[in-house]
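For reference, the structure is listed below as structure tokens.
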Amino acid sequence: LPPATIDLQVFESGFDDAGERGRIGLEEFTRTLTSMLGLEVGSHTDRALRHAWSQAFEPDPEVLRLIGEAGARRALFTNNGPLLEAAMEAEEPLAPVRDAFDELVFSWRLGATKPDPAALAAAAEQLAVAPGELLLVDDSDANVDAARAAGWRAHRYTTALDLRAALRDAGLL
Numbered sequence: 005l006p007p008a009t010i011d012l013q014v015f016e017s018g019f020d021d022a023g024e025r026g027r028i029g030l031e032e033f034t035r036t037l038t039s040m041l042g043l044e045v046g047s048h049t050d051r052a053l054r055h056a057w058s059q060a061f062e063p064d065p066e067v068l069r070l071i072g073e074a075g076a077r078r079a080l081f082t083n084n085g086p087l088l089e090a091a092m093e094a095e096e097p098l099a100p101v102r103d104a105f106d107e108l109v110f111s112w113r114l115g116a117t118k119p120d121p122a123a124l125a126a127a128a129e130q131l132a133v134a135p136g137e138l139l140l141v142d143d144s145d146a147n148v149d150a151a152r153a154a155g156w157r158a159h160r161y162t163t164a165l166d167l168r169a170a171l172r173d174a175g176l177l
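Throughout the sequence shown, residue numbering follows our numbering, covering 5 to 177 in sequence.
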């Protein structure tokens with residue numbers, strides 16, 4: 005299928021959003037995606053989809069290094085669904101991301117996505133940390149603003165160099 009068709013069917017249709025918000029579990033998400041893309045059903049297809057999903061992310065080694073140096077518990081809080089969680093657990097290209105964090109928080113398990121205050125409250129609850137003790141680093145102004153409104157500390161990510169300064173300012177480096 006042409007990329008524009010995939011974008012329309014998977015992302016613009018609201019299908020991926022439903023996955024990110026926890027309305028679709030892994031089995032249904034994978035089965036529906038397989039059908040949408042006209043693929044053959046089977047475990048080999050499931051593995052191929054996990055691998056393809058993992059390839060959509062290009063971790064920045066410098067950012068991962070900074071995260072590893074941060075003197076605090078580290079959690080990845082991502083607006084993603086069950087397929088990325090499965091890829092994060094199984095796909096080697098995502099191992100550096102998986103290994104950089106102490107905990108992974110997926111929006112689909114929370115039932116809401118950033119910037120929804122419910123997602124931020126659920127993430128703080130899952131992490132068992134008071135909002136004022138949390139620092140959100142995100143590339144979305146809306147997510148940063150929502151985190152601040154929920155009592156979190158927050159930093160708008162632009163570059164690794166800027167992140168280094170923000171982590172220093174927060175006393176984490």
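The beta carbon of each residue, even a glycine, is placed where N, CA and C say it ideally should be.
- The Cβ atoms of D20 and G85 lie closer than 8 Å to each other.
- Comparing C-alpha distances from F110 to each of A74, T9 and A79 shows the shortest one belongs to A79.
- According to the DSSP assignment, V141 belongs to the beta strand (DSSP E) that extends over L139 to D142.
- For F19, the enclosing alpha helix (DSSP H) stretches over residues F19 to E24.
- With a contact defined as Cβ atoms closer than 8 Å, L140 and F61 miss out at about 19 Å.
- R69: member of the alpha helix (DSSP H) spanning P65 to E73, first to last residue.
- Here L165 is not near G75, since their CB atoms are 8 Å or more apart.
- Taking 8 Å as the cut-off, the beta carbon of A174 is found closer than this to the beta carbon of R157.
- Between T117 and R25, the C-beta spacing is below 8 Å.
- Within 10 angstroms of the beta-carbon of G23 lie 16 or more other beta-carbons, which makes it buried.
- For F110, DSSP records a beta bridge to T82.
- D149 and L124 have their alpha carbons spaced roughly 11 Å apart.
- Taking C-beta separations shorter than 8 Å and ignoring five residues to either side along the sequence, the partners of A91 in its chain run R54, H55, W57, S58 and L98, following chain order.
- Contact between I71 and A94 fails: their C-beta atoms lie close to 21 Å from each other, not under 8 Å.
- Inter-residue distance for A170 and A132 is about 23 Å (C-alpha atoms, whole angstroms).
- According to DSSP, A104 shares a beta bridge with no other residue.
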